[in-house]
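Undergrad:
Numbering (this note's numbering), first residue to last: 3 to 264.
1. Could you give the residue range of the alpha helix (DSSP H) that holds residue 129?
2. Express the C-alpha separation of residue 140 and residue 245 in angstroms, rounding to a whole number.
3. For residue 279 and residue 104, which I take to be in contact (beta-carbon distance under 8 angstroms), what is that distance rounded to the nearest angstrom?
4. Just confirm the distance between the C-beta atoms of residue 197 and residue 179, as a whole number of angstroms; I'd bet it's less than 8 angstroms.
5. Who are residue 122's beta bridge partners in DSSP?
6. With a floor of 4 residues, list each alpha helix (DSSP H) that falls wholly inside the region 148 to 197, ordered by position along the chain.
7. According to the neighbour-count rule (16 or more other Cβ atoms, all chains shown, within 10 Å of its Cβ), is residue 243 buried or exposed?
8. Considering residue 95, what are the terminal residues of the beta strand (DSSP E) in which it resides?
9. Locate the beta strand (DSSP E) running through residue 62, then write down its first and last residues.
10. Taking 8 angstroms as the cut-off, does the region 188 to 197 touch the region 126 to 143 (at least 3 CB pairs, one atom from each stretch)?
11. Do the CB positions of residue 160 and residue 207 come within less than 7 angstroms of each other?
12. Can you list, in chain order, the residues of its chain whose CB lies under 7 angstroms from that of residue 119, leaving out five sequence neighbours each side?
13. What are the boundary residues of the alpha helix (DSSP H) that includes residue 255?
14. Nearest to residue 241 by CA position, among 232, 226, 231, 230, is which residue?
15. Classify residue 188: buried if its beta carbon has 16 or more other beta carbons within 10 angstroms, exposed otherwise.
16. Between residue 117 and residue 59, is the Cβ-Cβ spacing less than 7 angstroms?
17. Restricting to Cα atoms, I'd like to know which of 107, 142, 260, 149 is closest to residue 199.
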């Protein structure tokens, strides 16, 4: 997306930027990015509806779109991502981190008026900050155990966010993690291998919950998609947000379908 992205925005009572509701026409063509739908006879009966639920208030569960939020805060002319609410796609967006949700415990409730949920948990930084790629294990078995324990913690976070989204009964989309982009080939190989384990845990949880998945590992594959080893560039953010928005539109039309989007 390019050009003048200036918008008129107002602050709601809760301090979240608010735009008027976005209606989705039932005559709109299906998103071109979806594939591998679950067989028709293998899903729960579809609700009888003539109009899809509008994306009026998106709740992002997790911290992986912090870069998108930062772009928005830097000014309307820097906002070049389809995921972010704009004048032609007006809706309300709020992000809740894993720590915020965990801190609320069983008392956590989705924000009032929320219409859709997006689960997206950052894992690349977690892998780097854990230090497991820089340690010298005594054996390959010890290294695998360290990786498995870290993946266990990540899977618990994913499971908790899925439980929150499923309990809300809102249309929900989940993103896996895009691969890192280190220049050093040895570090890149190790980081990408660790990430594959994390993504495998996430994908299993997503499909067990019969939720749609945006596969960012197959979306952001170009060197120009990265600002550095762990962050997407504007081009990468645009690519990712394009697919996420297509998935949200599809889920708004039929929240019972489990698909992969890329």
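Beta carbons are placed, not taken as given, at the ideal position from N, Cα and C, and that holds for glycine.
TA: Well, looking at it:
1. Numbered from 1 along the chain shown, position 127 holds the residue referred to as residue 129. Element bounds for residue 129: 126 to 132.
2. Within the chain shown, residue 245 is the residue found at index 243, counting from 1. Within the chain shown, residue 140 is the residue found at index 138, counting from 1. Each residue's alpha carbon lies about 42 angstroms from the other.
3. Since the displayed the chain opens at 3 and closes at 264, residue 279 lies outside it and no answer follows.
4. The residue you call residue 197 lines up with position 195 of the chain shown. The residue you call residue 179 lines up with position 177 of the chain shown. 6 angstroms between Cβ atoms; contact.
5. Locating residue 122 in the chain shown gives position 120, where the first residue counts as 1. Paired residues: 177.
6. none
7. Locating residue 243 in the chain shown gives position 241, counting from the first residue. That one is buried.
8. Within the chain shown, residue 95 is the residue found at index 93, counting from 1. 94 to 98 is the extent of the beta strand (DSSP E) around residue 95.
9. As a first step, residue 62 must be located in the chain shown, where it is residue number 60. 59 to 63 is the extent of the beta strand (DSSP E) around residue 62.
10. yes
11. Walking along the chain shown from the start, residue 160 turns up at place 158. Walking along the chain shown from the start, residue 207 turns up at place 205. Yes; because the gap between Cβ atoms is below 7 angstroms, this pair is in contact.
12. Indexing the chain shown from 1 puts residue 119 at position 117. 61, 63, 167, 170, 172, 174.
13. The residue you call residue 255 lines up with position 253 of the chain shown. 236 to 255 is the extent of the alpha helix (DSSP H) around residue 255.
14. Stepping through the chain shown from its first residue, residue 241 is reached at position 239. Of 232, 226, 231, 230, the residue nearest in Cα terms is 226.
15. In the chain shown, residue 188 corresponds to position 186, counting from 1. By the neighbour-count rule (16 or more Cβ atoms within 10 Å), residue 188 is not buried but exposed.
16. To locate residue 117, count along the chain shown from 1; it is residue 115. To locate residue 59, count along the chain shown from 1; it is residue 57. Against a cut-off of 7 angstroms, the Cβ pair of residue 59 and residue 117 comes out as a contact.
17. The sequence position of residue 199 within the chain shown is 197, counting from 1. Of 107, 142, 260, 149, the residue nearest in Cα terms is 149.
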